[in-house]
Amino acid sequence: MEPILELKNYQAHFYTRRGIVKAVDGISFKVHPGETLGIVGESGSGKSVTHLSYLRLLPSPPLRIVGGEVRFKGKNILTLPDRQLRDLRGKSIAMIFQEPMTSLNPYMKIGAQLIEPLLIHTVMNKKDAWKKAIAALERVGIPNAEPAMNRYPHEFSGGMRQRVMIAMALTTDPAVLIADEPTTALDVTVQAQILDLLRDIQKDTGMAVVLITHDLGVVAGLADRVVVMYAGHVFEEGSAEDIFYRSAHPYTLALLKSTPRIDVPQGALPVIPGMPPDLSRLGKGCPFYERCGYHMDVCVTEFPTSHQFGPEHESFCYLERPPQ
Amino acid sequence: MSSEVMTINTTTIAPPIQEDDSAGVSLWKDAYHRLLKNKLATFGGLFILFEVFICIITPWIAPYGFDTQNLELTLAKPSAAHWLGTDTLGRDLFTRLLYGGRISMMVGFLASMVSVIVGVVYGAISGFIGGKLDNFMMRVVDVLFALPFVFLVIILMVFFGRNIFLLFVALGFTQWLTMARIVRGQVISLKEKEFVEAARSLGISNWGIIYRHLIPNTLGPVIVYLTLTVPSVILDEAFLSFLGLGVQAPMASWGTLISNGVEVMEIAPWALLFPAITLSVTLFSLNFLGDGLRDALDPKGAKD
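Note that the protein sequences, when read in sequence, are chains L and G.
Numbering-wise, the numbering used here puts 124 at position 120 of the first sequence, and it's gapless, one number per residue.
Numbering-wise, the numbering used here puts 686 at position 179 of the second sequence, and it's gapless, one number per residue.
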């Protein structure tokens, strides 16, 4: 199947006074229509920067896209002029963010904010846009959608605001929805509701969802395929089952071990020793070797090539067999 | 028993959301409704409107000409013929107060508008774009701040000739600097907020973000500062007139009436008192209106 979004050896670096920070350093993955791709990694692994950078949502300078390609429906969008990219953004690729409390303009009514993308990206008039926005609000489960259009953001709770944000992203029927930690700021019961909602909507619309998160539980519940990122590299890619039951990379394994589980009683959670590396001082080797229990001499000098463990399961590690 | 449960259910499930009486989309329509609920602000607004109306119809209602002298009746006390008395040249003070209001109100509003428009646009662009441009634009503001404003006005007058409208523009151009700084500061803190990022991710252009998202969020401080600008330009105009750069005799403004009144304060206190009271009441009204507007424009402020 033709991927809707494809990154090929994509590199985005920050040129700062203290040196070059290689936030995203040569990553490749594909997103197919209708699937949910989970991107997992700890803070600073580059999982958000990847998407924010090619959508040109980060200030440049200091950010510079150094190499690679990002293809949307087969077309490289890195070379698009700003105007066309702006049209793509919000219309074909929509985003939702982690802070629903502050992601809505406090001075604009919900309705006015919801119809804004429609008025910009489509030829719809105000009346039709208004109707479509009401439908979107109803779709995301806002009760009394019509009067809600005339309310201000502060009259809604966090979960409701995240629903409004999702509605806003959906009004233009995007092909890809990038959800950047959509549930991090919400409490657990609301998290579950929002994830259910995302799953339902995806089933209805057939759009692709890229779910960026550091919560493995969220990924397990929602993602078809998973990409594990660390220090600007992809470490492992595979189906959700591959990642959770047949993890091949020591980092993935360490991540899974340090995740609390409700079905296995345990004492103190194991942690991954050490700190994530300083991205401006990376050597040529694997950025994880200092914290890795399996590292070899070759890890210091050269970044590992991909190792295929299944048709869709690959790991960037010299280990030929999955560690136990 | 079961009917009790039923009634409990019907009352607890889905409490009806109250309908807004203000169904408009715009912030301004909403603010207007909220403003009307603030009595002091409504009174202030009505008083200003009343003054504007009086200023417009002044030529038809003034009892005398603004330059009609009666040298036999100089510094007369208020009487039936001259309601507010006369000045040193025997001109009717009531008439001059009416004509002075036209100048002062025009100066106050036009100059403030110039300062708001220039200041908000300049500050918003500077803050939003940031970086080198911001640095350059703010240094320009610093340089203009360092120039004494009288000097600036004199230069403008010399270059473009003396003209009452130029006076408004010149006063506005000396008042926008602080406004620009205030707006820039606001915009810098606002542009880091998530809703701006969200707006960008929806593909809204930079202008759209500045105009629809950032500027409305700066309205509170802008309006408060605006209510401070109006009196200060009215007083600046009086100062310029005193130097001979503002309105020329025999035309009057509230500023010139007050400064003339000060000269004869000991023998004819009414010549100072009435213009001063008029100016004060106007400024009070403006402040009430400004305060009310600020509260009304904040969606979180009042409950409707």
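All residues carry an ideal CB built from backbone N, CA and C; glycine is no exception.
Query: How far does the beta strand (DSSP E) with His720(G) in it reach, from first residue to last?; Result: Per DSSP, His720(G) belongs to no beta strand (DSSP E) and is neither H nor E.
Query: Among Met645(G), Tyr718(G) and Glu704(G), whose alpha-carbon lies nearest the alpha-carbon of Met686(G)?; Result: Met645(G)
Query: Helix, strand or coil for Met233(L), going by three-state DSSP, please let me know.; Result: strand
Query: Say whether chain L places a C-beta atom closer than 8 Å to the C-beta of Ala530(G).; Result: Any answer about Ala530(G) is weak, because its pLDDT of 45 lies below 50 and its placement is not dependable; what the coordinates show is given next. With 8 Å as the cut-off, Ala530(G) counts as an interface residue toward chain L.
Query: What are the boundary residues of the alpha helix (DSSP H) that Thr126(L) is part of?; Result: Careful: Thr126(L) lies outside any alpha helix (DSSP H) and carries neither H nor E.
Query: Counting C-beta neighbours from all protein chains within 10 Å, is the total for Val302(L) 16 or more, i.e. buried, or is it exposed?; Result: exposed
Query: What does the Cβ neighbour count give for Ser714(G), buried or exposed, with the cut at 16 atoms within 10 Å?; Result: Here the sequence assigns Trp to residue 714(G), which means Ser is not the residue at that position. It counts as exposed.
Query: Using the rule of at least 16 other Cβ atoms within 10 Å of the residue's Cβ for burial, across every protein chain shown, is Thr20(L) buried or exposed?; Result: exposed
Query: With a Cβ-Cβ cutoff of 8 Å, do Ala3(L) and Ser96(L) count as a contact?; Result: Any property of residue 3(L) remains undetermined from this structure, which presents chain L solely from 5 to 328.
Query: Would you be able to state if there are at least three C-beta pairs under 8 Å between the region 786-793 of chain G and the region 634-652 of chain G?; Result: no
Query: Helix, strand or coil for Asp29(L), going by three-state DSSP, please let me know.; Result: strand
Query: Whose C-beta lies closer than 6 Å to the C-beta of Thr263(L) among residues of the same chain, with five residues either side of it excluded?; Result: Leu220
Query: I need the boundaries of the beta strand (DSSP E) containing Arg68(L), first residue and last residue.; Result: Leu67 to Phe76
Query: With DSSP as the reference, label Leu41(L) as helix, strand or coil.; Result: strand
Query: Once you ignore the five residues that flank Thr595(G) on each side, which residues in its own chain have a CB closer than 7 Å to its CB?; Result: Thr581, Leu582 and Val771
Query: Do you know offhand how far Asp204(L)'s Cα is from Leu118(L)'s?; Result: 20 Å
Query: Using the C-alpha atoms, what's the distance from Phe656(G) back to Phe666(G)?; Result: 15 Å
Query: Which word fits Thr193(L), buried or exposed, when buried means at least 16 other C-beta atoms lie within 10 angstroms of its C-beta?; Result: exposed
Query: Pair every Cβ in the region 147-154 of chain L with every Cβ in the region 103-111 of chain L, then say whether three or more of these pairs are closer than 8 Å.; Result: no
Query: Taking DSSP's pairing of strands, which residues face Ser611(G) in a bridge?; Result: Paired residues: none, contrary to the question.
Query: Spatial neighbours of Ala27(L) within its chain, please: CB distance less than 7 Å, with the 5 preceding and 5 following residues excluded, ordered by chain position.; Result: Ala16, His17, Phe18, Gly50, Val53, Gly236 and Leu283
Query: By the 9 Å beta-carbon criterion, what residues does the region 82-103 of chain L contribute toward chain G?; Result: Arg87, Leu89, Arg90, Asp91, Leu92, Arg93, Gly94, Lys95, Ile97, Ala98, Met99, Ile100, Phe101, Gln102 and Glu103
Query: Rounding to the nearest angstrom, what Cα-Cα distance links Glu10(L) and Lys77(L) in this structure?; Result: 8 Å
Query: Measuring CA to CA, which of Lys261(L), Gly278(L), Ile276(L) and Pro277(L) is closest to Gln270(L)?; Result: Lys261(L)
Query: State yes or no: is the beta carbon of Phe635(G) nearer than 8 Å to at least one beta carbon in chain L?; Result: no
Query: Buried or exposed: which applies to Thr175(L), given that a residue is buried once 16 or more other Cβ atoms fall within 10 Å of its Cβ?; Result: buried
Query: Kindly identify the DSSP beta-bridge partner or partners of Phe795(G).; Result: Phe795(G) is not bridged to any residue.
Query: Measuring straight from C-alpha to C-alpha, what distance separates Ile730(G) and Pro277(L)?; Result: 55 Å
Query: When burial is assigned at 16 or more other CB atoms within 10 Å of the CB, is Asp528(G) buried or exposed?; Result: Note that Asp528(G) has pLDDT 42, beneath the 50 cutoff, so the model's placement of it is unreliable and the number below is only indicative. Result: exposed.
Query: Provide the residue span of the beta strand (DSSP E) that contains Leu215(L), from first to last.; Result: Ala212 to Thr217
Query: Expressed to the nearest angstrom, what Euclidean distance is found between the alpha-carbon atoms of Ile632(G) and Gly242(L)?; Result: 46 Å
Query: With a threshold of 16 other CB atoms inside 10 Å of the CB of Ile774(G), please say whether the residue is buried or exposed.; Result: exposed
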